[in-house]
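Residue numbers (our numbering): 1 to 206. Even glycine gets a Cβ: it sits at the ideal position worked out from N, Cα and C.
Structure below.
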């Protein structure tokens, strides 16, 4: 039985994850068309109607809703979602209530849900690959929750493994970065930061 969990996102350091080591479970997520050599659990934290609105069109890099759903149906591992859905045979309900009770309202990204579950399940080692969250306009808002949970994990004596190239920082004294809206679950909330479009700057000619 695996004693470690590797959380794998879509950024380039995902290539460095320990796919060939059976001591690690591989927990992955992404609607990008990425090759993941081994998967133990998959996570899709958006409700299907919201996902359908996001994945309108297939591109070279990203699935359409139809192709992504076909991918989820093919998976022979648990697929953690907001609820069990008939469209995905392997779907498992994510234990949101337990996560909120244990860690507070810190969930601002898919990766944060994975880290919380790994802590709840008592894994002694948690590693994170392919989660950078460096894009200023989007992912920077997601980063505090991830780093907070990594800090909580380390505080509890859990070994936290990051690739040398990871931009994530683990706080010695994690402080809850409370969010008003939960990523995925509150997708349609008018208060959601992801619904705000950055204003375009007017070009000035001299």
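### Query
When the Cα of residue 65 is compared with those of 191, 165, 44, which residue comes out closest?
Checked all of 191, 165, 44; the closest Cα to residue 65 is 44.
### Query
By a C-beta neighbour count over all protein chains shown, 10 Å radius and 16 as the cutoff for buried, is residue 32 buried or exposed?
exposed
#### Entry: Other residues of its chain near residue 2: CB distance less than 8 Å, five sequence neighbours each side excluded
22, 23, 24, 25, 40
### Task
Assuming residue 131 contacts residue 53 (C-beta within less than 8 Å), just tell me the rounded distance between them.
24 Å between Cβ atoms; not a contact.
### CB-CB length for residue 143 against residue 133, believed under 8 Å
4 Å
### Message
DSSP has residue 85 in a bridge; who is on the other side?
### Response
Its beta-bridge partners do not exist; DSSP assigns none.
### Between the CA atoms of residue 192 and residue 203 - distance to the nearest angstrom
For residue 203, the predicted model reports a pLDDT of 36, less than 50, meaning its position is unreliable and no value from the coordinates is stated.
### Query
Looking at residue 28 and residue 18, is the spacing between their C-beta atoms short of 8 Å?
no
### Query
Measuring CA to CA, which of 4, 117, 82 is closest to residue 186?
82
#### Entry: Distance, residue 183 Cα to residue 13 Cα
23 Å
### Query
Exposed or buried, which one is residue 84 when buried takes at least 16 other CB atoms within 10 Å?
Looking at its Cβ environment, which holds fewer than 16 other Cβ atoms inside 10 Å, residue 84 is exposed.
### Task
Using a threshold of 8 Å, state whether the C-beta atoms of residue 73 and residue 92 are closer than that.
no
#### Entry: Nonlocal neighbours in the same chain, by C-beta distance under 7 Å from residue 141, ignoring five residues either side
108, 193
### Coarse secondary structure for residue 158, derived from DSSP in three states
coil
### Message
Restricting to Cα atoms, I'd like to know which of 166, 163, 112, 190 is closest to residue 214.
### Response
The requested residue 214 is not part of the displayed model; the chain covers only 1 to 206.
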